[in-house]
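Numbering (UniProt numbering), first residue to last: 1 to 240.
Notes follow the structure.
Okay, here's the thing in structure tokens:
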């Protein structure tokens, strides 16, 4: 994945566009995110560059399973599985803080799209304290999303930016370097095309000529038949 595929600053209008070129919000969530005045939670502890976000967890995955899985990448300093404050059911995402930033980088890189309790998980660095302008999902921002919600957000690892269609076409239709060999091939193709074009033109002209000849021949035969009928009629008129 190229660097330009991922957002470095959170701009809600850009994040709401698959190629980052939209100038008008296309859903109400983007409008809410633009108007939001979100500030990172100052009570969150730990080092931002040591902390990774883990999403799409199995609802049955607990803290023990998380620790067992992510400790394979390094020593874990703190782990938090986010739960509903009332029901205490898992919200299917968590934050894992490592003692070493290198371990956090290794985990977010290699654990992405791994299977944990039969669920494919996603891993990214924490955005709240690492990305300027960050707006969470509940305020119309965030990353990812699904098509059914109609509020897709691009620029993250799950749904990175894609090049505009025009840029893709320009990249795909690159002119080959003009070498002596390619110039000869180009002239040969042009010559072959002109010859085919002339041949087709001659064929069309020949067909038109034959069509005109047939038309004239048919016209002559028709006039001959008409004269013949006229003579026969005159003969009959003179005979009776």
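Idealized CB from N, CA, C, for every residue including glycine.
Residue i to residue j span [Cα, whole Å]
i	j	result
residue 32	residue 142	12 Å
residue 242	residue 95	The structure shown does not extend to residue 242, since the chain is modelled only from 1 through 240, so no value can be given for it.
residue 134	residue 65	29 Å
residue 74	residue 23	43 Å
residue 53	residue 124	5 Å
residue 26	residue 152	10 Å
residue 12	residue 48	22 Å
residue 18	residue 34	17 Å
residue 162	residue 156	11 Å
residue 62	residue 150	30 Å
residue 224	residue 207	26 Å
residue 145	residue 113	16 Å
residue 129	residue 43	12 Å
Terminal residues of the beta strand (DSSP E) in which residue i lies
i	result
residue 242	Missing from the structure shown is residue 242; the chain here goes from 1 to 240 and no further.
residue 53	51-55
residue 91	90-98
residue 15	Not the beta strand (DSSP E): residue 15 falls in the alpha helix (DSSP H), residues 12-15.
residue 148	Here residue 148 belongs to no beta strand (DSSP E), and DSSP marks it neither H nor E.
N-terminal and C-terminal residue of the alpha helix (DSSP H) that residue i is part of
i	result
residue 109	101-110
Buried/exposed call for residue i, threshold 16 Cβ in 10 Å
i	result
residue 110	exposed
residue 115	exposed
residue 215	exposed
residue 85	exposed
Three-state secondary structure assigned by DSSP to residue i
i	result
residue 73	helix
residue 31	helix
residue 153	strand
residue 224	helix
residue 115	strand
residue 24	coil
residue 121	coil
CB contact flag (residue i, residue j, <8 Å)
i	j	result
residue 158	residue 121	no
residue 93	residue 57	yes
residue 81	residue 72	no
residue 5	residue 160	yes
residue 104	residue 50	yes
residue 55	residue 97	no
residue 67	residue 76	yes
Proximity test, residue i beta-carbon vs the ligand COA heavy atom, cut-off 7 Å
i	result
residue 129	Within the structure as shown, the ligand COA is missing, as the structure has no ligands at all.
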